[in-house]
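Structure, as structure tokens:
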């Protein structure tokens, strides 16, 4: 028992905390399996690595600031037949991130844009890819604060650093001149360096009005769309699908409930 405690202390001193806590059970399992010393050592180290990977993923999830965790398996593609499921599954391989490409989800509120954006972000995190999620309004608010405090470069780096940046709810609120210029600076800084997943309820033809400057909007779109996968979702509100299936939702002719 003294040797066992000594081994546990050595593991703890080396920072192998999971291996230290599971040492007893792994030794017992090795005895039952009549494992070799090498087999036992490999199992001990694999256990430590597995637990570290789980902890790292949890840390990445916290840093990513996702509003919730949703997966592609939870998305009902049969409810939104306009979506190319094969393309979404291809995007889930994260090849687009390795190529520094963008993904843009367009469509009216409630059709599943954010769900799909978050699901791809979850897949990226599970593959060890750094992600950051933010709505456009909060993004512009934070960049404006940095501009006013003469710390814009530091703020920009926060959004340039992640390999995958998710910008949600583009188009819900118009941008003033400063906000539009800050957004352009960020898009330019990430161009061909890092991937963006963007969701918007506005067609590209409406971005000039959204940004208050058609020329600037064209410059932003030129960079965003150069290497981009565009998914235009047409269909009913995904949030109301259960009520629609049950026949409990009735829309009026003007589209209001």
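Numbering (UniProt numbering), first residue to last: 1 to 257. The beta carbon of each residue, even a glycine, is placed where N, CA and C say it ideally should be.
What number of angstroms, rounded off, separates the C-alpha of residue 206 from the C-alpha of residue 154?
The alpha-carbon atoms of residue 206 and residue 154 are separated by roughly 31 angstroms.
Should residue 270 go down as buried or exposed, given a rule of 16 or more other Cβ atoms within 10 Å for buried?
Residue 270 cannot be examined here, being either before or after the span of the chain that is shown, 1 to 257.
Can you give me the Cβ contacts of residue 156 inside the same chain, cut-off strictly under 8 angstroms, excluding the 5 residues immediately before and after it?
Hits under 8 angstroms: 143, 146, 185, 186 and 189.
Hey, residue 164 and residue 119: beta-carbon distance below 8 angstroms or not?
No, these two residues do not count as a Cβ contact at 8 angstroms.
Taking its Cβ as the centre, do 16 or more other Cβ atoms sit within 10 Å of residue 3, making it buried, or is it exposed?
Residue 3 comes out exposed.
Using DSSP bridges, identify the partner residues of residue 104.
Beta-bridge pairing links residue 104 to 198 and 230.
Since residue 132 sits in a beta bridge, which residues does DSSP pair it with?
165.
On the criterion of 16 or more Cβ atoms from any shown chain inside 10 Å, does residue 162 qualify as buried, or is it exposed?
Counting Cβ neighbours within 10 Å, residue 162 comes out buried, since at least 16 surround it.
Based on Cα-Cα distance, which residue from 170, 31, 197 and 18 lies nearest to residue 210?
Residue 170 is the option with its Cα nearest to residue 210.
Taking the alpha-carbon of residue 52 as reference, which of 84, 82, 23 and 15 has the nearest alpha-carbon?
The candidate whose alpha carbon is nearest that of residue 52 is 15.
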